[in-house]
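Visitor:
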Amino acid sequence: MKYGVNEQGYYGDFGGAYIPEMLYPNVEELRLQYLNIINDPGFKTEFDDLLKNYVGRPSPLYHAKRYSEKYGANIFFKREDLNHTGSHKINNAIGQILLAKRLGKKRIIAETGAGQHGVATATVCALMGIECVVYMGAVDMERQAPNVSRMKMLGATVRPATSGSKTLKDATNEALRDWIGNPVDTHYIIGSVVGPYPFPDMVARFQSVISTETKKQLLEQTGNELPQYVMACVGGGSNAMGMFYHFLGDEEVKLVAVEAAGKGVNSGHSAATTFLGQEGVLHGSRTILMQTEDGQVVEPYSISAGLDYPGIGPQHAHLYKINRAQYTSITDDEALRAGLLCSQMEGIIPAIETAHALAQLEKMTFKADDNVVICISGRGDKDLDTYIKYFNF
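The numbers in full-length UniProt numbering rise by one with no breaks, and the one at position 238 of the sequence shown is 238.
#1: Which residue or residues does DSSP assign as beta-bridge partners of residue 337?
#2: So, is the C-beta of residue 254 closer than 7 angstroms to a C-beta in chain C?
#3: Hey, would you say residue 158 sits closer than 7 angstroms to residue 148, going by beta carbons?
#4: What do you reckon, are the CB atoms on residue 262 and residue 269 nearer than 7 angstroms?
#5: Taking the DSSP output, what are the residues bridged to residue 110?
#6: Keeping to the same chain, check which residues put their C-beta closer than 6 angstroms to that of residue 306; ignore five residues upstream and five downstream.
#7: When we look at the beta-carbon of residue 170 and count the other beta-carbons within 10 Å, is it buried (16 or more) or exposed?
#8: For residue 336, collect the residues of the same chain with a Cβ closer than 8 angstroms to its Cβ; drop the 5 residues on either side in sequence, then sort them by chain order.
#9: Suppose you measure from the CA of residue 272 to the CA of residue 329; what does that come to, to the nearest Å?
#10: Here's a check: name, in chain order, each residue in its chain whose Cβ is nearer than 6 angstroms to the Cβ of residue 334, leaving out the five neighbours to either side.
#11: Could you tell me the alpha carbon to alpha carbon distance between residue 416 and residue 393, rounded to whole angstroms?
#12: Is the beta carbon of residue 63 less than 7 angstroms from the beta carbon of residue 76?
#13: Quick check on the DSSP output: what are the complete alpha helix (DSSP H) runs of length 4 or more inside the stretch 207 to 265, in order along the chain?
#14: Identify which residue in 375, 196, 210, 25 has its Cα closest to the Cα of residue 183.
#15: With distances taken from CA atoms, which of 130, 102, 86 is nearest residue 350?
#16: In this structure, does DSSP put residue 101 in helix, strand or coil?
#17: Taking residue 362 as the reference, give the member of 227, 73, 246, 8 with the closest Cα.
#18: So, at 7 angstroms on beta carbons, what are the nonlocal neighbours of residue 19 in its own chain, with the 5 sequence-adjacent residues on each side left out?
#19: If you follow the beta strand (DSSP E) that residue 360 is in, where does it begin and where does it stop?
#20: So if DSSP puts residue 289 in a beta bridge, which residue, or which two residues, is it bridged to?
#21: Out of 286, 258, 54, which one is the CA nearest neighbour of residue 332?
#22: Comparing the CB of residue 31 with every heavy atom of the ligand FMN, is any distance shorter than 6 angstroms?
#23: Using DSSP bridges, identify the partner residues of residue 325.
#24: Along the beta strand (DSSP E) that carries residue 77, what are the first and last residues, could you check?
#25: Going by DSSP, what residues sit across from residue 43 in a beta bridge?
#26: How is the beta strand (DSSP E) around residue 373 delimited, first residue to last?
#27: Under the three-state reduction of DSSP, which class applies to residue 64: helix, strand or coil?
#28: Per DSSP, which residues does residue 160 bridge with? Please list them.
#29: Going by Cα to Cα distance, which pick from 58, 61, 5 is closest to residue 35?
#30: Going by DSSP, name the residue or residues bridged to residue 350.
#31: Are the CB atoms of residue 135 and residue 156 nearer to each other than 7 angstroms?
#32: Please name the residue in 1, 54, 60 whose C-alpha comes closest to that of residue 220.
#33: Going along the chain, which residues of its own chain have a beta-carbon closer than 7 angstroms to the beta-carbon of residue 314, five neighbours each way excluded?
#34: State the Cα-Cα distance for the pair residue 123 and residue 129, rounded to the nearest angstrom.
#35: Could you check whether the stretch 90 to 104 touches the stretch 370 to 387, counting it as contact only if at least three pairs of C-beta atoms, one from each stretch, sit closer than 8 angstroms?
#36: Provide the residue span of the beta strand (DSSP E) that contains residue 123, from first to last.
As structure tokens, then:
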């Protein structure tokens with residue numbers, strides 16, 4: 001693939017595996033085996049069967065007629081919110097639990113921000129009868145309490161991260177420390193296209209089912225598999241990479257990634273990485289991240305727990321640097337208003353993460369025959385308290 005990873009694990013200037021010596025055997029084992037395993041016919045058969053009969057794929061591609069009238073184009077929603085567990089995260093969790101089984105691992109760890117990846121991981125561990133430990137920022141545990149309860153009900157242990165901003169970055173740090181301390185029997189199911197190689201490539205491949213289905217569904221509904229625009233929200237960037245994956249080589253398709261501006265890009269309370277970040281190393285890969293002049297990570301902020309991350313995946317950093325995709329940002333207020341609009345115009349309550357991508361529509365102009373696909377990455381049940389408090393329902 002033109003925009004894919006090279007044999008050294010890099011996307012242009014970004015990627016690689018910047019890891020402690022203790023983790024080298026685990027990451028090297030993954031690097032040597034992941035492609036052979038996921039390309040094995042037996043793995044593909046089991047993966048495809050679970051996606052179809054357990055997750056409920058293919059997810060619908062819905063023509064949002066009232067949105068289309070409002071924005072003057074054909075707006076389509078790729079409904080990842082209708083997957084089992086309520087988001088796109090289950091696609092990757094299914095793939096990695098099958099991989100972990102084939103590697104003989106007996107214990108799973110994960111990190112989570114909004115709780116969607118944690119719930120997906122707890123779900124597949126329950127399905128396979130494997131011990132599960134999920135790290136989550138203490139602040140995120142409060143604002144995403146329903147997902148914490150879901151993980152515990154599924155049998156997972158949820159451990160709070162109490163350092164730093166007590167959000168996703170800190171949960172990731174804790175998960176990495178656990179993995180360093182348990183290098184033999186444990187697999188770390190990273191939930192986004194971040195971390196040391198091969199995780200960014202592996203997660204992108206598992207999530208690429210989103211764009212595979214979208215092309216087929218667009219062809220059926222419009223007669224052309226290529227839209228004019230493909231849009232998604234970006235924290236680490238897993239739903240966006242799955243949505244972009246099979247459109248990357250189609251240069252006529254415009255790719256739009258939407259970050260969280262928080263209270264404003266220049267407010268000091270933001271997670272707009274490409275606007276505020278610089279090149280550096282975060283959680284095992286070279287990428288773009290928010291940092292001080294001496295390289296200390298800047299605490300991110302977003303009302304959306306899933307976008308509250310100080311960096312982006314290395315493939316996103318590459319796409320940004322070479323201008324293959326447009327990266328923009330939306331504030332908390334804009335996202336919440338977009339979430340309410342979608343609820344009341346289409347009867348779909350989106351996750352606040354997703355609402356960032358929907359809000360970007362207000363800033364764009366389209367031709368009447370443009371086809372626009374937006375990834376509805378998750379459902380908004382987990383965010384009801386935030387919506388209720390903001391709109392005073």
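Ideal Cβ positions, reconstructed from N, Cα and C, are used throughout, including at glycine.
Model, not experiment: these values are computed from the prediction.
Guide: Answer, in terms of the structure:
#1: Bridge partners of residue 337: none, in fact.
#2: The chain labelled as chain C is not found in the depicted structure, where only one protein chain is given.
#3: Their beta carbons are under 7 angstroms apart, which means residue 158 touches residue 148 by this criterion.
#4: yes
#5: 134
#6: 113, 114, 235, 353
#7: buried
#8: 303, 352, 355, 386, 387, 390, 391
#9: 6 angstroms
#10: For residue 334, where only same-chain residues beyond five positions count, the Cβ hits under 6 angstroms are 359.
#11: Lying outside 1 to 393, the shown extent of the chain, residue 416 is not represented and no answer is given.
#12: Contact flag set, yes.
#13: 209 to 222, 238 to 244
#14: 25
#15: 86
#16: Reduced to three states, the DSSP call for residue 101 is helix.
#17: 73
#18: Closer than 7 angstroms at the Cβ level, and outside the excluded window around residue 19, lie 27, 196, 284.
#19: Per DSSP, residue 360 belongs to no beta strand (DSSP E) and is neither H nor E.
#20: 278, 311
#21: 258
#22: Ligands are entirely absent from the displayed structure, and the ligand FMN is therefore not among its contents.
#23: 255
#24: 74 to 79
#25: Residue 43 is not bridged to any residue.
#26: 371 to 376
#27: coil
#28: 136
#29: 5
#30: 379
#31: Between residue 135 and residue 156, the C-beta spacing is not below 7 angstroms.
#32: 60
#33: Cβ neighbours of residue 314 beyond the five flanking positions: 11, 14, 15, 200, 285, 286, 287.
#34: 10 angstroms
#35: no
#36: Per DSSP, residue 123 belongs to no beta strand (DSSP E); it is in the alpha helix (DSSP H), 116 to 128.
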